[in-house]
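Some notes on the structure that comes next.
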Amino acid sequence: MSGIGATGVILLVLVALLLFGPNKLPELGRAFGRTLREFKSGAREIMDDDDRDRDRKDKDSSRVEVSRSENNDKDNKRLPD
């Protein structure tokens, strides 16, 4: 399905104008703008949380690898014969 052309936008504006009237349209536009802003900020917060979780997992996995290598060094030491 292709995008909405200029005639489609004009038709939508005319239908909205008929349904809601000229006084209500600015209020609807503001409410729609606020909704989009809140959605974008919520999506940003979710993405930031995911990034923080990924960073924590990376740090934890590197700590585990370091502790494993230290344990392997201890296990590889032999007692004198």
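Following our numbering, the numbering of the sequence shown begins with 11 at its first residue and continues without gaps.
Quick reminder that beta carbons are idealized off the backbone N, C-alpha and C, glycines included.
The Cβ-Cβ distance between Leu-28 and Leu-35 does not fall below 8 Å. Assignment of Lys-34 by DSSP, reduced to helix, strand and coil, places it in the coil class.
A direct Cα-to-Cα measurement between Lys-67 and Leu-46 gives close to 32 Å. For Gly-18, same chain residues with a beta-carbon under 8 Å away, outside a window of 5 residues either side, do not exist. For Phe-49 against Leu-38, the beta-carbon gap comes to about 16 Å, at or over 8 Å, which does not count as contact.
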